[in-house]
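Shown next, in structure tokens, is the structure this report addresses.
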Amino acid sequence: MALPVLTLFPRPRELTLRGGWLKVPPLPHPTASFIESLPSTVEEARAALAGAADGACRIVHQPECGAEGYHLEILSSGIRLNAGEAHGVLYGTQTLRQIAAQYPDELPHLVIIDSPDLPVRGFMLDCSRTRVPTQAELLDLVRALGRLRVNQLQLYVEHTFAFRGHEDAWKDASPLTPSETRELDDACAAVGIELVPNLNTFGHMERWLRHPRYRAMAECPEGWIHPLTGQFKEFPGTLRPDQASIDFAGALLDDYLPNFRSRQVNIGGDEPWELGQGFSKQAVADRGKHRVYLDHLKKLCALGRDRGRTVQFWGDILLEDLALAQDAPVDTVPVVWGYDAGHPFKEQCGRLRELDRAYLVAPGTSAWQSFTGRLDNALINQAEAVGAAVRHEARGILLTTWGDNGHHQPWPTAWLPMAAGLAQAWGFAANAKTDFAAGCAILGNLSLAEGQVIAAALTQLGTLDGQIAKANRNKSLTWDFLTAKPDALAKFTDGVSAAEIAASQAHLTEAEVLIAKIADVTIREELSLGARLAGAGLRRAAGQAVAAEEQARLKKEYEAVWLRRSRPGGLSESVAGLFG
Numbered sequence: 023m024a025l026p027v028l029t030l031f032p033r034p035r036e037l038t039l040r041g042g043w044l045k046v047p048p049l050p051h052p053t054a055s056f057i058e059s060l061p062s063t064v065e066e067a068r069a070a071l072a073g074a075a076d077g078a079c080r081i082v083h084q085p086e087c088g089a090e091g092y093h094l095e096i097l098s099s100g101i102r103l104n105a106g107e108a109h110g111v112l113y114g115t116q117t118l119r120q121i122a123a124q125y126p127d128e129l130p131h132l133v134i135i136d137s138p139d140l141p142v143r144g145f146m147l148d149c150s151r152t153r154v155p156t157q158a159e160l161l162d163l164v165r166a167l168g169r170l171r172v173n174q175l176q177l178y179v180e181h182t183f184a185f186r187g188h189e190d191a192w193k194d195a196s197p198l199t200p201s202e203t204r205e206l207d208d209a210c211a212a213v214g215i216e217l218v219p220n221l222n223t224f225g226h227m228e229r230w231l232r233h234p235r236y237r238a239m240a241e242c243p244e245g246w247i248h249p250l251t252g253q254f255k256e257f258p259g260t261l262r263p264d265q266a267s268i269d270f271a272g273a274l275l276d277d278y279l280p281n282f283r284s285r286q287v288n289i290g291g292d293e294p295w296e297l298g299q300g301f302s303k304q305a306v307a308d309r310g311k312h313r314v315y316l317d318h319l320k321k322l323c324a325l326g327r328d329r330g331r332t333v334q335f336w337g338d339i340l341l342e343d344l345a346l347a348q349d350a351p352v353d354t355v356p357v358v359w360g361y362d363a364g365h366p367f368k369e370q371c372g373r374l375r376e377l378d379r380a381y382l383v384a385p386g387t388s389a390w391q392s393f394t395g396r397l398d399n400a401l402i403n404q405a406e407a408v409g410a411a412v413r414h415e416a417r418g419i420l421l422t423t424w425g426d427n428g429h430h431q432p433w434p435t436a437w438l439p440m441a442a443g444l445a446q447a448w449g450f451a452a453n454a455k456t457d458f459a460a461g462c463a464i465l466g467n468l469s470l471a472e473g474q475v476i477a478a479a480l481t482q483l484g485t486l487d488g489q490i491a492k493a494n495r496n497k498s499l500t501w502d503f504l505t506a507k508p509d510a511l512a513k514f515t516d517g518v519s520a521a522e523i524a525a526s527q528a529h530l531t532e533a534e535v536l537i538a539k540i541a542d543v544t545i546r547e548e549l550s551l552g553a554r555l556a557g558a559g560l561r562r563a564a565g566q567a568v569a570a571e572e573q574a575r576l577k578k579e580y581e582a583v584w585l586r587r588s589r590p591g592g593l594s595e596s597v598a599g600l601f602g
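Remember, the numbering used here sits 22 above the position in the sequence shown when you count from 1.
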């Protein structure tokens, strides 16, 4: 028989086919029984390592493999899986299961030596910008992330946790409850994932500060001017850097942290846009924005330290002034983020390495502010981020997917970037070319054949933006075309030709043909809706109004699709952001 063709995801560091086959007779044969009883949780893996390593098929404790590495041999004599710790056993059994699924009657003789390039392979999901997934959906995500060898998960919450005594902030948001959070924490721990609490404590506090009860804590209680756009913003978003804000953040952490096993916490700290415009204006004039920021950050970090946690924080402000990066508390973990192709990850990571800092690197899926995803940007952004993380010895990556301005994107539009970024975090060189079909099969809990159909549709959708030369940072033009107010539409359509709009429409037509082939009803309907919303945006860009009847029909369908995966809180706000 010819040498086998194996589809393994993520691809291992080293795979050597030896020729020959190990037969797998039906149960109760010992080989079939060994495969059938492979561990699927950390507890089971730990028990397997502690058990007697005898028999033709066995799991052997071998510390030299490292904490997450494994060494798998399939030979005529049987199966041997060596691992240093329980995580390595889990990842090795994942690989063995994939092999057995493809060759159930006889396994190819081979040797696999595998271990991760990065110790931390994290994923962060925005659960604040209107969309909070159902508990069932979150549990399904945990299952999939375990198979993608993610070992850290963060749920970005601002107001979408049921904080005691703060019902006015979250009552309409369908928040995560303490019991749900603990259930997720248990599910994560079972498959080797650390659920790290993530709670912004400085910027991005608009969901709190819009309420009169909290407004006095704002840097600019009466509104502010966005420094990038010059727009006046009615609702404040940044806490003033004073003791009252520290006390408020500490009280929230006291309610939140006990629901997690993790001894880490991400306190946020990014984009305090208003800093220096209101309460801290004089302090910023006297000492500079970055020094005022850093002094307050140190106090926020102390909140985590005093509660026995290692603190993560977004590193954007410090990296604006690299001279201050060395002054950040040494026991913290800055997270270097950037979501555009060409972001200076190399320079930023190099600087943090020079400072001997432990740090994470955060690229993005580029799915937000889009109906179809921005695949090309995502793949470049992630490869640059993971490459810099590996080269400059970052602790790992935190792949992010956001929900800015309504969280309008269909969930599967993040799947191809997730498959690529997370596989590369495991093995950068081995997974430079991503098996999108395998990634979709895992994320959707589907067959590989169905994964291939979905990957083809997502690839076509995700490359829609390339049909128009003009681009806007961090979003798709088709999203802008649909969501822009009538008096603002012209600035988005300026410079876009009729030929480009026609090419985009033809590209979408091809995508819709591929979407129609998807068997899974939920995935087919949410991608079809995304394509039609993008198409409506293109028609609007071409000067064609979207009739009120069509708007109503699309909104009704949007609501139905939303409720398949997400809670009702935030839905009305998300719908209100459509059609300008």
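Each residue gets a CB set at the ideal place from its N, CA and C atoms; glycine is no exception.
Mind checking whether L444 and A479 have CB atoms under 8 Å apart?
As a first step, residue 444 must be located in the sequence shown, where it is residue number 422. As a first step, residue 479 must be located in the sequence shown, where it is residue number 457. Against a cut-off of 8 Å, the Cβ pair of A479 and L444 comes out as no contact.
Please go through the same chain and pick out, in chain order, the residues whose beta-carbon is closer than 7 Å to the beta-carbon of R35, but skip the five residues on each side of it.
In the sequence shown, residue 35 corresponds to position 13, counting from 1. So the list reads I135, D136, S137, G449 and A452, once near-sequence residues are dropped.
Give me the residue from C371, V597 and Q404 with the minimum Cα distance to Q431.
Sequence index remark: in the sequence shown, residue 431 carries index 409 (1-based). Check the Cα spacing between Q431 and each of C371, V597 and Q404: the tightest is with V597.
Could you tell me how far apart the beta carbons of Y381 and V412 are, in whole angstroms, since I believe they sit closer than 8 Å?
In the sequence shown, counting from the first residue as 1, residue 381 sits at position 359. In the sequence shown, counting from the first residue as 1, residue 412 sits at position 390. About 13 Å; that fails the 8 Å criterion.
Would F254 be called buried (16 or more neighbouring beta carbons within 10 Å of its own) or exposed?
To locate residue 254, count along the sequence shown from 1; it is residue 232. The residue in question, F254, is exposed, as its Cβ has fewer than 16 Cβ neighbours within 10 Å.
Quick one: which unbroken alpha helix (DSSP H) runs of 4-plus residues sit fully inside the region 395-429? Chain order, please.
DSSP runs (the alpha helix (DSSP H)) wholly in the region 395-429: 397-413.
Could you tell me which uninterrupted alpha helix (DSSP H) segments, each at least 4 residues in length, are contained entirely in the region 326-374, listed from first to last along the chain?
Segments of the alpha helix (DSSP H) lying fully in the region 326-374: 338-342 and 344-347.
Run through DSSP, which three-state label would V111 get?
Looking up residue 111 in the sequence shown gives position 89. Residue state, collapsed to three classes: helix.
Are the CB atoms of I96 and H131 within a distance shorter than 8 Å?
Against the sequence shown, residue 131 aligns to sequence position 109. Against the sequence shown, residue 96 aligns to sequence position 74. Going by C-beta atoms, H131 is nearer than 8 Å to I96.
Nearest candidate by alpha-carbon position, reference A24, set R33, G41 and L37:
Walking along the sequence shown from the start, residue 24 turns up at place 2. Answer by Cα proximity: G41.
Ends of the alpha helix (DSSP H) at Q527?
Translated into the one-based positions of the sequence shown, residue 527 becomes position 505. A520 to I537 is the extent of the alpha helix (DSSP H) around Q527.
How many Å lie between E415 and I289 at the Cα?
Residue numbering aside, residue 415 sits at position 393 when the sequence shown is read from its first letter. Residue numbering aside, residue 289 sits at position 267 when the sequence shown is read from its first letter. Their backbone Cα atoms lie some 23 Å apart in a straight line.
Whose C-beta lies closer than 6 Å to the C-beta of T332 among residues of the same chain, with five residues either side of it excluded?
Within the sequence shown, residue 332 is the residue found at index 310, counting from 1. Closer than 6 Å at the Cβ level, and outside the excluded window around T332, lie Q286.
Let me make sure I understand the geometry here. Which of I247, S55 and R313 has the alpha-carbon closest to that of A345?
The sequence position of residue 345 within the sequence shown is 323, counting from 1. It is R313 whose Cα lies nearest to the Cα of A345.
Can you tell me whether DSSP reads A491 as helix, strand or coil?
Within the sequence shown, residue 491 is the residue found at index 469, counting from 1. Three-state result, A491: coil.
Distance, Cα to Cα, R165 vs R102?
To locate residue 165, count along the sequence shown from 1; it is residue 143. To locate residue 102, count along the sequence shown from 1; it is residue 80. About 26 Å.
Suppose the cutoff is 7 Å on Cβ atoms and the five residues either side in sequence are ignored; what does the same chain contact list for P243 look like?
Numbered from 1 along the sequence shown, position 221 holds the residue referred to as residue 243. Excluding sequence neighbours, P243 sits near R237 and P258.
Whole angstroms are fine: how far does the CA of L170 sit from the CA of I365?
By one-based count along the sequence shown, residue 365 stands at place 343. By one-based count along the sequence shown, residue 170 stands at place 148. At residue 365 the sequence reads His, which differs from the Ile that was named. When rounded, the distance between both Cα atoms is 25 Å.
Taking the Cβ atom as the reference point for each residue, do L600 and T505 lie within a distance shorter than 8 Å?
Working through the sequence shown from its first residue, we reach residue 600 at position 578. Working through the sequence shown from its first residue, we reach residue 505 at position 483. The answer is yes: Cβ separation under 8 Å.
Per-residue DSSP class, three states only, for M239:
Stepping through the sequence shown from its first residue, residue 239 is reached at position 217. DSSP places M239 within a helical segment (H, G or I) once states are collapsed to three.
What does a CB cutoff of less than 7 Å around A178 pick up in its chain, not counting 5 residues either side in sequence?
Position 156 of the sequence shown holds residue 178. Looking at the sequence itself, residue 178 is Tyr, so the reference to Ala does not match. The residues are M146, L147, D148, C149, S150 and N220.
Is the separation between the beta-carbon of V64 and that of A212 shorter than 8 Å?
Numbered from its first residue, the sequence shown carries residue 64 at position 42. Numbered from its first residue, the sequence shown carries residue 212 at position 190. Using a Cβ distance threshold of 8 Å, V64 and A212 count as a contacting pair.
Express the C-alpha separation of G225 and D328 in angstroms, rounding to a whole number.
Taking the first residue of the sequence shown as 1, we reach residue 328 at position 306. Taking the first residue of the sequence shown as 1, we reach residue 225 at position 203. In a straight line, the C-alpha of D328 is about 21 Å away from that of G225.
Among residues of its own chain, excluding the 5 on either side of E293, which ones have a beta-carbon nearer than 6 Å to its beta-carbon?
Taking the first residue of the sequence shown as 1, we reach residue 293 at position 271. G225, listed in sequence order.
With 16 other Cβ atoms within 10 Å as the buried cut-off, status of Q304
On the sequence shown, position 282 is the one that residue 304 refers to. That one is exposed.
The alpha helix (DSSP H) spanning L44 covers which residue range?
Stepping through the sequence shown from its first residue, residue 44 is reached at position 22. Unbroken run through L44 is the beta strand (DSSP E), E36 to K45; no alpha helix (DSSP H).
For M440, report the span of its alpha helix (DSSP H) as first-last.
Translated into the one-based positions of the sequence shown, residue 440 becomes position 418. Where M440 is concerned, the enclosing alpha helix (DSSP H) stretches over W437 to W448.
Please state whether DSSP places V164 in a helix, a strand or coil.
Position 142 of the sequence shown holds residue 164. Note: V164 maps to helix in three-state DSSP.
Is the beta carbon of E180 less than 8 Å from the beta carbon of R235?
Locating residue 180 in the sequence shown gives position 158, where the first residue counts as 1. Locating residue 235 in the sequence shown gives position 213, where the first residue counts as 1. Not closer than 8 Å, so no.
Examine the Cβ distances between the region 373-388 and the region 399-407 and report whether three or more of them are shorter than 8 Å.
Remark: three or more beta-carbon pairs, one from each stretch, lie closer than 8 Å, so the region 373-388 and the region 399-407 are flagged as touching.
Please classify E241: is it buried, with 16 or more other beta-carbons within 10 angstroms of its beta-carbon, or exposed?
In the sequence shown, residue 241 corresponds to position 219, counting from 1. The residue is buried, with at least 16 neighbouring Cβ atoms inside 10 Å.
Tell me which residue opens and which closes the alpha helix (DSSP H) that L576 is part of.
As a working mapping, residue 576 is identified with position 554 in the sequence shown. It spans A570 to R587 - the alpha helix (DSSP H) in which L576 sits, taken as one unbroken run.
How is the alpha helix (DSSP H) around L549 delimited, first residue to last?
Numbered from its first residue, the sequence shown carries residue 549 at position 527. Per DSSP, L549 is one residue of the alpha helix (DSSP H) stretching across V543 to A563.
So, helix, strand or coil for H663, using DSSP?
Here the chain comprises residues numbered 23 to 602, so residue 663 is not present and cannot be evaluated.
CB-CB under 6 Å to K607, same chain, minus the five flanking residues each way: which ones, in chain order?
The chain is shown from 23 up to 602; residue 607 falls before or after that span and cannot be answered.
Quick one: complete beta strand (DSSP E) runs, 3+ long, within the region 159-206?
Listed in chain order, they are 174-178.
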